[in-house]
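Visitor: Throughout, the numbering used here is defined as the position within the sequence shown, counted from one, plus 3. In this text, a Cβ means the ideal position worked out from N, Cα and C, and glycines have one as well. Bear in mind that the values here come from a model prediction, so they are computed numbers and not experimental data.
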Amino acid sequence: MADTPNIKELRKACGSDELSHVFTFLQSQDITEDEGFLIRMGDDSTQLRAKLDKRNDTIDEAFSFGPDNEVAKAGEDCLVESQVRDHRRLDLMAQLLLLTHEGIEEKKAHIEKIKAIQAQKRVRRCPDPEYARKMIVAIDAVRVRGDSVGGVVTCIVRNLPEDLVHQFLTNLKLNWLRQLYQYLQPRALSLAVDLQDKQVMG
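(1) Indicate whether Q32 and H113 have their beta-carbon atoms separated by less than 9 Å.
(2) Going by beta-carbon coordinates alone, are D89 and K54 separated by less than 9 Å?
(3) Is F40 near T103, with beta carbons less than 9 Å apart?
(4) Does the beta-carbon of A65 have 16 or more other beta-carbons within 10 angstroms, so that it is buried, or is it exposed?
(5) Measure the CB-CB distance between D46 and I107 and report whether it falls below 9 Å.
(6) Output the distance between the C-alpha atoms of F171 and Q185, rounded to the nearest integer angstrom.
(7) Here's the rule I'm using: 16 or more other beta-carbon atoms within 10 Å means buried, otherwise exposed. How should E79 be labelled?
(8) Grab me the residues of V83's own chain with a C-beta within less than 8 Å of its C-beta, minus the 5 sequence neighbours each way, in chain order.
(9) May I ask which residues mark the beginning and end of the alpha helix (DSSP H) holding F28?
(10) Suppose contacts are defined by Cβ-Cβ distances below 9 Å. Is S23 in contact with I120 by that definition?
(11) Specify the secondary structure class of N9 as computed by DSSP and reduced to three states.
(12) Verify whether the separation of the beta carbon atoms of M52 and L93 is less than 9 Å.
(13) Reducing DSSP to helix, strand and coil, say where S85 ends up.
(14) Where does G205 fall in DSSP's three states?
Following this line, the structure appears as structure tokens:
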């Protein structure tokens with residue numbers, strides 16, 4: 004295996020040996036830094052815009068002295084040149100803010116992509132690697148015996164208004180079953196489903 008000092012350092016920083024955790028940790032760090040940059044750049048942009056507005060007023064005041072006042076005319080010309088340059092700076096800052104914002108959204112998409120790939124690698128689509136390993140061992144043991152595999156799906160929803168519970172669970176069941184049957188049908192697999200609602204207090 005190639006020497007990977009940066010990856011080793013990231014593994015230590017995120018507290019995990021899984022590459023998916025390493026890369027999502029790195030992307031999350033970048034997002035945090037970019038969000039801080041957006042705040043700072045946004046503040047600088049606001050200050051520059053206020054400076055431009057004030058300088059506009061000063062240019063108008065210098066113009067009011069008339070063309071015969073050479074000092075006022077020279078001062079006005081200098082201010083106009085500075086104004087043009089700072090407007091270009093403001094435009095570039097706006098582009099940089101947009102580019103940084105797009106980068107944040109892109110990195111969020113990268114995180115979801117890495118998570119999806121990692122989930123696909125796990126036979127049981129379990130987000131917890133330890134439980135995924137236990138499930139794989141149990142399923143393999145059942146398959147060796149030639150038996151069918153069954154399981155229990157637990158869904159806990161917190162802070163859902165009581166009047167929406169039935170509607171939420173109905174939609175959840177329908178969507179879940181639709182996806183499940185799309186997976187089972189082309190593989191000629193059968194499924195027995197018993198879904199029951201249970202209200203848990205607390």
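Guide: The relevant details are as follows:
(1) no
(2) Closer than 9 Å, so yes.
(3) yes
(4) buried
(5) no
(6) Computed Cα separation, rounded: 21 Å.
(7) E79 comes out buried.
(8) I62
(9) L22 to F66
(10) In this structure, I120 lies closer than 9 Å to S23 by Cβ.
(11) Look at N9 here: in three-state DSSP terms it is helix.
(12) The amino acid occupying residue 52 in the given sequence is Arg; Met does not appear at that position. Taking 9 Å as the Cβ cut-off, R52 and L93 qualify as a contacting pair.
(13) helix
(14) Its pLDDT being 40, under 50, G205 is placed unreliably by the model, and nothing is read from it.
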